[in-house]
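Colleague: I have a structure I would like to understand better, so I am pasting it below and will then ask my questions one at a time.
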Amino acid sequence: MGITVSIIIGFRNTQAIGRWWEARQLWGAIINHSRNLSDILTSLLPEEQLVSAHGRNLVRYQVAMVWQLNFQLRNFYHQDLRRFQD
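Here the sequence shown stands for residues 127 to 212, numbered as in my numbering.
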């Protein structure tokens, strides 16, 4: 009985670690794509447009989207992100 329980617990632990690792990899990919998008926006937009409020808002909204996704996945709401909502 004890061996069976330990095998089942070990299997469930391995599954949990596998799910956590996959989620960690997916979150890392989202962060990397977000950084790449920010780099592309800052390199492709003309200097005048990047300095303008519209250009800055593009980068800010992109960063806010990642934070909002983070909070939504954790079922948490942060008051500072309300200023980005329309």
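We put the beta carbon where it would ideally sit given N, CA and C, even for glycine. Keep in mind that this is a model prediction, so the values were computed, not measured.
Is Y187 helix, strand or coil by DSSP?
Modeller: Three-state DSSP puts Y187 in a helix.
Colleague: Report, in whole angstroms, the separation of the C-beta atoms of V185 and L170, which I expect to be a contact under 8 angstroms.
Modeller: Their Cβ separation, rounded to whole angstroms, is 12 angstroms, which puts V185 and L170 out of contact at 8 angstroms.
Colleague: First and last residue of the alpha helix (DSSP H) that includes S178?
Modeller: Where S178 is concerned, there is no enclosing alpha helix (DSSP H), given that its DSSP letter is neither H nor E.
Colleague: Closer than 8 angstroms is the cut-off here; do at least three beta carbon pairs connect the region 149 to 161 with the region 192 to 204?
Modeller: Taking 8 angstroms as the limit for Cβ pairs, the verdict is that the region 192 to 204 does touch the region 149 to 161.
Colleague: Looking at W160: is its Cβ nearer than 9 angstroms to the Cβ of V131?
Modeller: This sequence places Ser at residue 160; Trp is not what is there. No, Cβ-Cβ distance for S160 and V131 is not below 9 angstroms.
Colleague: Take L163 as the anchor and find which of R145, F202, M191 has the nearest alpha-carbon.
Modeller: Of the listed residues, the one whose Cα sits closest to L163 is M191.
Colleague: In this structure, does DSSP put L152 in helix, strand or coil?
Modeller: Here L152 sits in helix by DSSP.
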